[in-house]
Structure formats: C-alpha cells, structure tokens
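What follows is a set of notes on a single structure, which appears directly below.
Numbering (the numbering used here), first residue to last: -19 to 294.
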C-alpha cells in the first residue's frame, strides 16, 4: 500500500512498511567497506566503561586530561544556558570540579559524533549525500522546518531512542537535558545535499549503524508532513563562523567537533578538518588516561576516519 494511501491511526503491515521505505534485507555491499567499528557492540562497551568510571567520580584526574576539558569549555559561553550543557558548565565554572565526570561526558558525546560521522561516510559512498553540505557553517541551535523533520525521522532509530530514554533517566554524567546536536548535524547534511529521503532511510537502515528503525514512529513522523521533500539547499541552517573557522562561543555547544563551515578552498578545508579530528583524538586520549581500558576496547578508529575525511570531494 503506497504511503499516501495510509491514513492516520492505520497500522500498516511490515510488508507495506518495507515497500514504502524501500527496505531490503541487510547485506554487505562489495563496493562499500564494512564499518570500521561494530557500533552496536561499541556502544555497549562504552556504556559499561562509563558506568565503571562513574563509580570512581570524585577521584583526582591528571592535569593533562583536565586541560582537554578546559580547552573545550573555553570554546563555549558558559553562561549561555543551553539546557543540555547547564550541569557541565556548572562543573567547569566553580571550584571542586569533578573532572572524571566531565571527561565521561566529553567521551560519550565524542563517541556519538564518531557514530554520526560513520553514517555520513556510508551515505557519501552511496552517493546519497554530498560533502558540499559541509562547506557552509551550521547554526545547530536554530532548526529549520526541513532539518527538524529529518531530525525527527532520525530519532526513530534505536540508537536515538536509547539515548533519549537514558538521558531522561539521568544515566549519563553531567547531562542536564536531551542532547541532539549530533543528530541535528546529520539532519542538516541530509537536507543540504540529499535528493531522496526514502533512499537515505533505506541506506541507514541497511547499514545497521543506528540500530533498528521503529517503523511505527517513522510513519507517525511522515504523517505529520506527508508532502515533505528534500530540496538540496547547501546553505540550509547557515550560521555564523569566525574568520579563523570557529563557531562563536554564543552559538556553540560543549564538545561538538563534527566538521562544518569548511569552505571550498582545499587548504583551508583540510586544515579545519584536521582541527576537528584532533579535538576528538585528544578527548579519546584524555579518557584513556583516566580509565586505562585494555588496548583496542574503546578505540573509535578516529585516525582512519580522519584519513577518509581528506579524500572528500567537495
């Protein structure tokens, strides 16, 4: 049954859903390398490690790891009042900072962004999005109708369903509200450069990077705006950026490193891309200093992702 023939409240069959989504049986496509990380297994390992680390909150953290958190804090306006950042900014603003808790927050957000980057690369390999979407800076505090709609559709994947539930239960350290900036970045990339939303959903679902798609929730999102179409506006949700390629502190959110505003100049683009991934690598290194997990357990393979980033065709 075509999507436009379904009515609100009707419960489509799995066959109808698969037809309308264009879903196929998950497969390994020879022309597309497998994920460098098993993201679902990695998420479980990271959560277990964070839980152990939280039990040690309050313990001393070495100065070099503290410095990473302080550097990230200086990129933001600590008085901004952005709900997900309030608790973490309070930690950074007053004496008696629990640095282990802060670094746990840094690492969790960084892991989520590495996941979004892998989704982006997968869509890029299938020619469903374009790296041109990263040319102009994004204002991730102010959604447009298009980016809001796509972000809501992405929220139907198990990865985000789990995050929303666990954040509401205060599972994550220093998290004072639901944090969706990584999802909004991916939504903006899709709105800026994708042509066919159905094919994008199909590819993400097949990749299994974000887990299963809640089909019922997906249809609820689509019924809210059944006529919605992508229109490829590379300046969608364009935001401010300083001349040296940084987001102004008043428009920034804590530990957001995913690239945007890269410009179309090759040397500038590569330098800014490098800067983004260097931040992520430093966060990983700082977390390893305090947690000391077995080698290979928490590696997010950011170095390979960074190498791939330099091959982007903008």
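We treat Cβ as the ideally placed atom computed from N, Cα and C, and that holds for glycine.
Bear in mind the structure is a predicted one, so any value in this text is a computation, not a measurement.
Secondary structure at residue 83: helix, using DSSP grouped into helix, strand and coil. Under the three-state reduction of DSSP output, residue 101 falls in the helix class.
When the Cα atoms are used, residue 86 and residue 143 turn out to be separated by approximately 15 Å.
In its chain, beyond the 5 residues on either side, 48 have a beta carbon closer than 6 Å to the beta carbon of residue 262. Distance from the CA of residue 53 to the CA of residue 136, rounded to the nearest whole angstrom, comes to 31 Å.
Comparing alpha-carbon positions, the option among 122, 182, 213, 94 lying closest to residue 134 turns out to be 182. Every candidate alpha helix (DSSP H) stretch fails here, since none sits fully inside the stretch 207 to 261 while reaching 4 residues.
Note on geometry: alpha-carbon atoms of residue 269 and residue 91 lie some 16 Å from one another. With fewer than 16 neighbouring CB atoms inside 10 Å of its own CB, residue 40 falls in the exposed class. Spatial neighbours of residue 201 in its own chain (CB-CB distance under 7 Å, excluding positions within 5 residues in sequence) are listed in chain order as 132, 133, 136. Residues of the same chain with a CB within less than 6 Å of the CB of residue 265, apart from the 5 flanking positions on each side, do not exist. For residue 29, the closest C-alpha among the options 80, 66, 55 is that of 80. Short of 7 Å from the beta carbon of residue 198, and not among the five residues preceding or following it, lie these beta carbons of its own chain, in chain order: 133, 136. Rounded to the nearest angstrom, the Cβ distance from residue 172 to residue 113 is 4 Å, consistent with a contact under 8 Å.
In the same chain as residue 191, and ignoring 5 residues on each side of it, the C-beta atoms closer than 7 Å to its own belong to 20, 137, 138, 139, in chain order.
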